[in-house]
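Below is one structure; the comments refer to it alone.
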Amino acid sequence: MAIITIARELASLGEEAAQELARISGYKLIDKEYLEAKLNSIGITAEKRQKYDERNPGFWASLSQQRDDYLHFLKTAILDAALENDCIIMGRGGYAILRGVPHMLSVKITAPLSVRVERTKQVFGCDNKRALQIIEQNDHDRGGFHKYFFSTNWTDAREYDLTINTGGTDPAHAAVAIDSLRGVFVDKEKEKAGVQKVDDLVLAQSVVTEIIYSRKIPVHFLEATVEQGSVVLHGVANAQSSIDTALAAAHGVSGVKHVESAVQLVQEFTVMP
23 MAIITIAREL ASLGEEAAQE LARISGYKLI DKEYLEAKLN SIGITAEKRQ KYDERNPGFW
83 ASLSQQRDDY LHFLKTAILD AALENDCIIM GRGGYAILRG VPHMLSVKIT APLSVRVERT
143 KQVFGCDNKR ALQIIEQNDH DRGGFHKYFF STNWTDAREY DLTINTGGTD PAHAAVAIDS
203 LRGVFVDKEK EKAGVQKVDD LVLAQSVVTE IIYSRKIPVH FLEATVEQGS VVLHGVANAQ
263 SSIDTALAAA HGVSGVKHVE SAVQLVQEFT VMP
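Just so we're aligned, residue 23 is where the sequence shown starts under this note's numbering, counting upward by one.
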């Protein structure tokens, strides 16, 4: 039982490798279509997503409440998928959202630029110059997405357990390599610790959802950390009553055993709309 996250460059055959991996492993593929359906079901429409989905948001988009909504519910969708285990999560910062989960195997699929250019030319029916423009824009968008939302450098090999260059191999062999590593990488101890960690992350997300989206309690920059049912709230509020109400709301979330506040009280605090 494991969770596999796959980050991929444009024209690296990452999607094809993930599809083959799902076939040979029996794992559920959590791809773009799956996540879009989840986000659509809670009101994060294509129009709202287009500013943020694997893109570097512009200045005004970065200040929008829609930005916070997108990130929160993207995390929720990925964590809900991870809760079921035995899944392959494609892109969308999955490796960053699940960082620290012991039974997660993070993979990056890449290819030489010259190979990517040729593949892009075939797909788009364009010349070298246009293919290179498409690749550079896509790399810029994905790099900005990871840096802005997760403060990570997605080109850094240290972010991943395995990097595969498909310049000299095909998706089928890449899938076999990933599946083979999964078999030796995740043992019973990692599996047990990983399941507990995902449970904690899901509970933390549920607490934030209850406080911010269900109760609409004014605690800004709210985050929750959880360890085996014990919750600590972090954020900023301008009234003690808001903190007290948030604590009470957290106590009411199923699975919460204990709640503490590390929320800072700041008088006359104002957040831009």
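From the three backbone atoms N, C-alpha and C, an ideal C-beta is built for every residue, glycine too.
- With a CB to CB cut of under 6 Å and the five nearest residues on each side skipped, what residues in its chain are close to A118? F172, T174
- Message: Is there a Cβ of chain D sitting closer than 8 Å to that of S47, yes or no?
- Response: Of the protein chains in this structure there is only one, and it is not chain D.
- Output the boundary residues of the beta strand (DSSP E) element that contains H162. Per DSSP, H162 belongs to no beta strand (DSSP E); it is in the alpha helix (DSSP H), 150-172.
- Message: Spatial neighbours of R180 within its chain, please: C-beta separation below 6 Å, excluding the five flanking residues on both sides.
- Response: none
- Query: Apart from the five residues just before and just after M112, which ones in its own chain have a Cβ nearer than 6 Å to its Cβ?
  - Reply: I28, A40, D53
- Alpha-carbon spacing of G189 relative to P134, whole angstroms: 6 Å
- Message: Extract the residue ranges of the beta strand (DSSP E) inside the segment 181-266, only unbroken runs of 3 or more that lie entirely within it.
- Response: 184-187, 242-249, 252-259
- Query: Where DSSP assigns a beta bridge to I52, which residues make up the other side?
  - Reply: According to DSSP, residue pairing for I52 in a beta bridge involves I111.
- Residue nearest to G116 in terms of C-alpha spacing, selected from F167, F146, A68, N160: F167
- So who's on the other strand from V129, going by DSSP bridges? I28, L184
- Considering only the beta carbon of each residue, do A197 and E42 sit closer than 8 Å? yes
- Give the secondary structure of L105 by DSSP, where H, G and I count as helix, E and B as strand, and everything else as coil. helix
- Span of the beta strand (DSSP E), counted from its first residue to its last, around Q286: 280-287
- Please confirm whether L269 and V281 have their CB atoms less than 8 Å apart. Using a Cβ distance threshold of 8 Å, L269 and V281 count as a contacting pair.
- What is the residue span of the alpha helix (DSSP H) that A118 lies within? 116-119
- On a CA-only basis, which of I265, L184, N260, F95 is nearest K289? Give me that one, please. The question names Lys, yet the displayed sequence has Gln at residue 289. Looking at the Cα atoms, N260 is the closest of the given residues.
- Assuming A99 and K60 form a contact by the criterion Cβ under 8 Å, report the distance between their Cβ atoms to the nearest whole angstrom. Between the beta-carbon of A99 and that of K60 there is about 4 Å, and that keeps the pair under the 8 Å contact cut.
- How do the segment 139-148 and the segment 221-232 stand: do at least 3 beta-carbon pairs fall below 8 Å, yes or no? no
- Message: Once the 5 residues before and after H273 are set aside, which same chain residues still bring their CB inside 8 Å of it?
- Response: V281
- Query: Helix, strand or coil for A83 per DSSP?
  - Reply: In this predicted model, A83 has a pLDDT of only 42, less than 50, meaning its place in the structure is not dependable enough to derive any value.
- Sequence-distant residues of the same chain with beta carbon closer than 8 Å to N150, five excluded per side: V139, K143
- Query: Under 8 Å between the Cβ atoms of H256 and A215?
  - Reply: no
- Task: Output yes or no for whether 8 Å exceeds the beta carbon distance between E38 and P193.
- Result: Yes; because the gap between Cβ atoms is below 8 Å, this pair is in contact.
- Task: Could you check what DSSP says for G122 in three-state terms: helix, strand or coil?
- Result: coil
- Query: Over what stretch of residues does the alpha helix (DSSP H) that includes V137 continue unbroken?
  - Reply: 135-146
- Task: Note the first and the last residue of the continuous alpha helix (DSSP H) segment covering L43.
- Result: 36-47
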